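Enquirer: Residue numbers (our numbering): 581 to 725.
Note that the Cβ used here is the ideal one computed from N, Cα and C, for glycine as well.
Just so we're clear, the structure is a prediction, and the values are computed from it rather than from any experiment.
Take this structure, written in structure tokens, and hold onto it; I'll ask about it next.
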């Protein structure tokens, strides 16, 4: 019998003023249905991290899929890889990014450049939701009325 590898999955989380970090290793899944609001506060001990961070040089089978990410600067990722090289970036798809003026940048590249090489297919960028909309988004993720 072949060994079965269990892949850790983070799903249906509301994360405010923090990020989701892949720390060493691979086969990690973030999503679907997480809401990450304003990550990377500089005053935190690990400030500067975006919605999704990977401090490991190994991205084998890591995924960031089906999440909502709200940032002040339009930079949702702080991966240690290369934005246009799929072998150096975790698999990303079907995310919704919110930022002022609906901007997106990863490694200086816009979302369209990532999508052209097969990353973040199905992902979209929108403007910042209102505080009331953020509360409603959080309730929906947590299944709270």
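#1: Is the CB-CB distance between residue 705 and residue 664 below 8 Å?
#2: Restricting to runs no shorter than 4 residues, where is the alpha helix (DSSP H) found entirely within the stretch 666–714?
#3: Less than 8 Å between C-beta atoms, sequence neighbours within five positions excluded: which residues of the same chain meet that for residue 690?
#4: From 725, 692, 688, pick the residue whose C-alpha is nearest to that of residue 653; which is it?
#5: How should residue 712 be labelled, buried or exposed, when 16 other C-beta atoms within 10 angstroms of its C-beta is the threshold for buried?
#6: For residue 623, does the three-state DSSP call read helix, strand or coil?
#7: Return the bridge partner residues of residue 648 from the DSSP annotation.
#8: Cα separation between residue 700 and residue 725?
#9: For residue 722, count neighbouring C-beta atoms within 10 Å of its own C-beta (all shown protein chains included) and say buried if the count is 16 or more, exposed if not.
#10: In angstroms, rounded to a whole number, what distance separates the CA positions of residue 703 and residue 676?
#11: Given this structure, state the Cα-to-Cα distance separating residue 717 from residue 610, to the nearest angstrom.
#12: Taking all protein chains shown into account, do 16 or more other C-beta atoms lie within 10 angstroms of the C-beta of residue 680, making it buried, or fewer, making it exposed?
Expert: Looking at the atomic coordinates:
#1: Not in contact: residue 705 and residue 664 (Cβ atoms no closer than 8 Å).
#2: The qualifying runs are 691–696.
#3: Answer for residue 690: 684, listed in chain order.
#4: The option with the nearest alpha carbon to residue 653 is 688.
#5: Burial call: exposed.
#6: Note that residue 623 scores a pLDDT of 48, beneath 50, so its modelled location is shaky; the value from the coordinates is reported in the next line. Residue 623: coil per DSSP, three-state reduction.
#7: In DSSP, residue 648 forms a bridge with 615, 676.
#8: C-alpha separation (whole angstroms): 31 Å.
#9: Result: exposed.
#10: Between residue 703 and residue 676, the C-alpha separation is close to 6 Å.
#11: Going by the C-alpha atoms only, they are around 18 Å apart.
#12: Residue 680 is exposed by the Cβ-count criterion.
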